[in-house]
Amino acid sequence: MAELSETYACVPSTERGRGILISGDPKSDSIIYCNGRAVIIRRLGAPMDVSIYGEHAHQTTVARFSPNGEWIASADVSGMIRIWGRHGDRALKCEFRVLSGRIDDLQWSPDGQRIVASGDGKGKSFVRAFMWDSGTNIGEFDGHSKRVLSCDFKPTRPFRIVTCGEDFILNFYEGPPFKFKHSHRDHSNFINCVRYSPDGSKFISVSSDKKGIIFDGKSGGKIGELSAQEGHKGSIYAVSWSPNSKNVNPLMLAFPCMVLTVSADKTAKVWDIMDDGNGKLKCTLACPSSGGVDDMQVGCLWHGDHLVTVSLGGMICIFSASDPEKPPTSLSGHMKSINGLSCLLQSGQRTILSTSYDGAIVRWVPGIGYGGKIHRKVNTQIKCFSATEGELLISGFDNKVHRLPLNEGQCEQTEPIDVGFQPNNLRFILKCPDLAFVSTDSGLVLLRGTAVASTVKLGYAATASAVSPDGSEAIVGSQDGKLHIYAIERDMFKEETVLEKHRGAITFIQYSPDASMFASSDANREAVVWDRASREAERYTCVPLPLMWLEMPKMSSMASSQGQVPWESLRGRAPWMSDESLRMSNESPSQKLWKALLRKWEIVEAYVWKSSKVKKKVIMVDLSKVVQIELCILLSTDDCAEPSSEQVKLKNMLYHSARINCLAWSPDNRLVATGSLDTCVIVYDVDKPASSRITIKGAHMGGVYGLAFSDENSFVSAGEDACVRVWRLLHK
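At position 194 of the sequence shown the residue is numbered 532 (my numbering), and the sequence of numbers has no breaks.
Here is the structure:
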């Protein structure tokens, strides 16, 4: 069996020009956010303590803990809200279609009995409040003409609801049942976020007009603003109050309440809210900078002693509220689906590298987690990826291959190599560091340094490829399921043979670390482990069969009206006709014996044909004229396409229910792991039957797209959920 050892979580999904919402668990240091169709819960004090909920059918937008921390309400772009248990099996309490479009924000009432949600009503209602267990409406929310970006419940009685959105209007509602009371038009641009203070005495709205305005919590009247002189120079996307409206630093208790704001100007600011309702800047947080638009701050949360900010690039910075000058803890990861994975030994430390389509290359350190991003001067999209200890090989969706040296964890920029077509696979030749192997849909390319050493055009569509560690051989998988074996000599490719076993397009090929075997997988959910030595020694050539004796009386019951008997039937009645006899060389028996037999007995013609119903080769033997026969059949390569049992090291690996996307070998050449679109990882032992497999169900939501062994008993997986997981194998 296998157990999950570590999870390196994805970061929140972000969108330029929009803020994102994260919230905290009132009972712990956990925060919750959304990425893709998933809802991620992770602890600030232990970032690798991650829980993921993936039951939404559409992209999630916002999630919030209930006041007692036992339930979570999460929403998606279809207007659906799911309410599910925080612990255990995350049982679904109820599900409601709240709006006809995307939900941008939601909030629980302080008693945990009601929920208000806002978003895009697509011409209908933009806000709805309802009972959490029955879905019953508890008010009418008129007054908005465009998408409502944010809403909030007053956390104390009497209950109030405030909303704001793209029509530059902030509305105030009293209830329940809730009715429109009045509106404010103090902002001149989108109002991105509105939040009540924990004691309900005030609420604040922030806008793309760079303003933050404070209102009275009970009446809804305006009472002050954040200082414009010290304020943000760009759109303000999110705001969060300090817990209990009290600053957590005992040295600053003179200031009754504070707020945290983040902006497109790439800054996060902490404000003191004075007694007169105005805000005075306390400090500006030093968020890490990469120098690009990804540094824009789009989300924030004040949770206990933690000040959490989120940048457009997904960087999560955790500051200490009691010591904001202290450098923050930075967490990051992938925002998009992971398509490349590699385990390396760098400077004596085991390192995991992962890539995603958006061009991110992330370094992970086992036991620690996030180890930083590898930055490139030109951050192009990544389609194919390969890595060694000191070099990266990357290609995107053009004809270019980038060979990038690694220097202290960062890439040195080099000129791209034009290979003529879009690459579909890249491999370093491990024992020849200067050489690299590239395959495209229609050809093969060998790179020596940054120059093209040789190319060969293929007469078929290549879908996967691999090269042996010593660079002497390459295997190319095709759309029709065939494996083409090429010898590499003096930088030239020479096709040697073709293997047929798969019934679908080849998806992945990889040699074992000692190159004694290789494994291949296909789109028809099957994987095969091949013995490389047997394949080289057991090629199909024209060889005669040895002498076989058949007596007519024993065969008469099998003869058909045409006097023909299927070969399979002959094998069944004549057990000495084994697979061993079919592969005997033409030196046994001797040529003299063969000539004598040809003169003495009438040789019966035999032929091979393919059945139209069953894809199996059958030999028919004419028995109409002879009582005792001896057969001498010449088998050609075309006649025998089935591989011998000695070539296939492990077969019947048919336990996935969908396309196999990736596979990996353990360092000791004993285990093969396969990852599939069916979200599962299966681990096989090549010395045991395929039925003795280890299956990990639901390893990655949406499918597994990367696998790599870190040692003989641990492997790493990655998938469409943008997460990386480390698994430990437990042997009985």
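No residue lacks a Cβ here, since even glycine has one placed at the ideal position from N, Cα and C.
Quick check on this structure: which residue in the options has the alpha carbon closest to the alpha carbon of residue i?
i, options, result
"Y1022", "R1008, K1035, D1016", "R1008"
"M653", "S675, G709, D614, L679", "G709"
"N1051", "K540, P1005, P514, V377", "P1005"
"S854", "H522, T718, L619, S872", "S872"
"N677", "P581, G569, G1057, S343", "G1057"
"P761", "C770, S675, V739", "V739"
"H522", "I441, P448, S557, W422", "S557"
"W422", "E408, V783, S416, I1020", "E408"
"A800", "R466, V790, F846, D772", "F846"
"A1011", "S343, V986, L1067", "L1067"
"E833", "Q848, K519, V814, K839", "V814"
"G697", "F723, L683, C681, G686", "F723"
"P364", "G374, A376, S343, I410", "I410"
"S806", "K795, A789, I826, A861", "I826"
"K604", "I574, N582, I611", "I574"
"V454", "R485, G392, D490", "D490"
"L730", "R688, G787, L342", "G787"
"I767", "S692, L691, Y849, H822", "Y849"
"A1037", "V1054, D1025, K1026", "V1054"
So, helix, strand or coil for residue i, using DSSP?
i, result
"N999", "strand"
"A1028", "helix"
"V1081", "This structure cannot speak to residue 1081, because the chain is shown only from 339 to 1070."
"I358", "coil"
"D633", "helix"
"A1060", "coil"
"R688", "strand"
"L908", "Note that L908 scores 36 on pLDDT, short of 50, meaning its location in the model is unreliable; the coordinates nonetheless yield the value given after this. Helix."
"P588", "Note that P588 scores a pLDDT of 48, beneath 50, so its modelled location is shaky; the value from the coordinates is reported in the next line. Helix at P588."
"A871", "helix"
"P743", "strand"
"N677", "strand"
"P581", "helix"
"N475", "strand"
"P761", "strand"
"L508", "strand"
"I720", "coil"
"D736", "coil"
"E344", "strand"
"D860", "strand"
"D1023", "strand"
"F1053", "strand"
Is it right to say residue i is buried, meaning 16 or more other beta carbons lie within 10 angstroms of its own, or is it exposed?
i, result
"N745", "exposed"
"P665", "exposed"
"R354", "exposed"
"Q902", "Low confidence applies here, because Q902 scores a pLDDT of 42, under 50, leaving its location unreliable and the question unanswered by this model."
"R1030", "The amino acid at residue 1030 is misidentified as Arg; the sequence shows Ser. By the 10 Å Cβ count, S1030 comes out exposed."
"F735", "exposed"
"K460", "exposed"
"C621", "exposed"
"D505", "buried"
"I706", "exposed"
"G555", "buried"
"T752", "exposed"
"N509", "buried"
"N717", "exposed"
"M596", "buried"
"P704", "buried"
With residue i and residue j assumed to form a contact (beta carbons below 8 Å), what rounded beta-carbon distance in angstroms separates them?
i, j, result
"R452", "I476", "6 Å"
"P493", "G450", "Actually they are not in contact, since the Cβ atoms of P493 and G450 sit about 11 Å apart, beyond 8 Å."
"G457", "I552", "Not confirmed; about 25 Å, so no contact."
"S526", "D547", "5 Å"
"E864", "R828", "At roughly 36 Å, the Cβ-Cβ gap does not stay under 8 Å, so E864 and R828 are not in contact."
"G809", "I844", "The Cβ separation is near 21 Å, so there is no contact."
"L639", "I360", "5 Å"
"V636", "V600", "7 Å"
"G357", "C531", "6 Å"
"H425", "S412", "Not a contact, Cβ separation roughly 15 Å."
"A1060", "H713", "Rounded, the Cβ-Cβ distance is 19 Å, inconsistent with contact."
"F464", "V486", "4 Å"
"F759", "G781", "6 Å"
"I1071", "H994", "Examination of residue 1071 is not possible in this model, given that the chain is present from 339 through 1070 alone."
Using a threshold of 7 Å, is the CB atom of residue i nearer than that to any non-hydrogen atom of the ligand SAH?
i, result
"V597", "Among the components modelled here there is no ligand, and therefore nothing to report on the ligand SAH."
Original post:
Does the segment 635-649 come close enough to the segment 339-355 to have 3 or more Cβ pairs within less than 8 Å?
Top reply: yes
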